[in-house]
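The sequence shown begins at 328 in my numbering and counts up by one.
Even for Gly, the Cβ is constructed at its ideal location relative to N, Cα and C.
Values in this document were obtained by computation on a predicted structure and should not be read as measured data.
Right, one structure below, let's go through it.
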Amino acid sequence: MPSHAQLASKLLRDAATFFRTIAEQNPPLKEQMNENANVFEQVADLVEHDPTGVIEEPR
């Protein structure tokens with residue numbers, strides 16, 4: 328049974344795949360959808376590697 332972090336990571340990666348699919352099918356949205364996909368993958372990496380980590384606010 329997956330942990331909450333594993334499930335969250337999978338959902339984030341699935342969302343990234345969804346955004347990339349939209350990007351392929353809709354050229355006017357391609358840049359924004361790929362950017363969204365990259366952000367979702369970056370957050371998935373954070374959840375996988377440091378599930379209790381904290382993102383520091385810029386000062």
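inquiry  = Taking the alpha carbon of Glu362 as the reference point, which residue from His331, Gln333, Ile349 has its own alpha carbon closest?
reply    = Ile349
inquiry  = When you compare the CB positions of Phe346 and Ala364, do they come within less than 8 Å of one another, or not?
reply    = yes
ask   = In or out: Ser336 buried (at least 16 other Cβ within 10 Å) or exposed?
value = buried
For Ser336, the first and last residue of its enclosing alpha helix (DSSP H) = 331-352
task = Using alpha carbons as the reference points, say which of Gln369, Glu384, Arg386, Pro385 lies closest to Pro378.
result = Gln369
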